[in-house]
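Structure first, then comments.
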């Protein structure tokens, strides 16, 4: 994956995480609520997904890293 597509996917992931966290807060019906256990699951999963996105190497990047001369 190229860096631009990683940035777009990361932005969309953060947007979805914020929406899910807000839904979990609204589900309790309290304006000052922390959202119960929802954010404790959503935020670490989001961080793990962002790390996985940025560590992922596509086919183009793998070919460049494993270059060896054949004798």
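In the numbering used here, the protein residues as written are -10 to 60.
All residues carry an ideal CB built from backbone N, CA and C; glycine is no exception.
Asked, Found
"To which residues of the same chain is residue 10 closer than 8 Å at the C-beta, ignoring the five residues directly before and after it?", "24, 27, 28, 31 and 32"
"With the cut-off set at 8 Å, would you say residue -1 and residue 39 are in Cβ contact?", "yes"
"Do you know how far the Cα of residue 15 is from the Cα of residue -4?", "29 Å"
"How many angstroms separate the CA atom of residue 6 from the CA atom of residue 34?", "9 Å"
"Which of the three DSSP states is assigned to residue 18 in this structure?", "coil"
"DSSP on residue 1, reduced to helix/strand/coil?", "helix"
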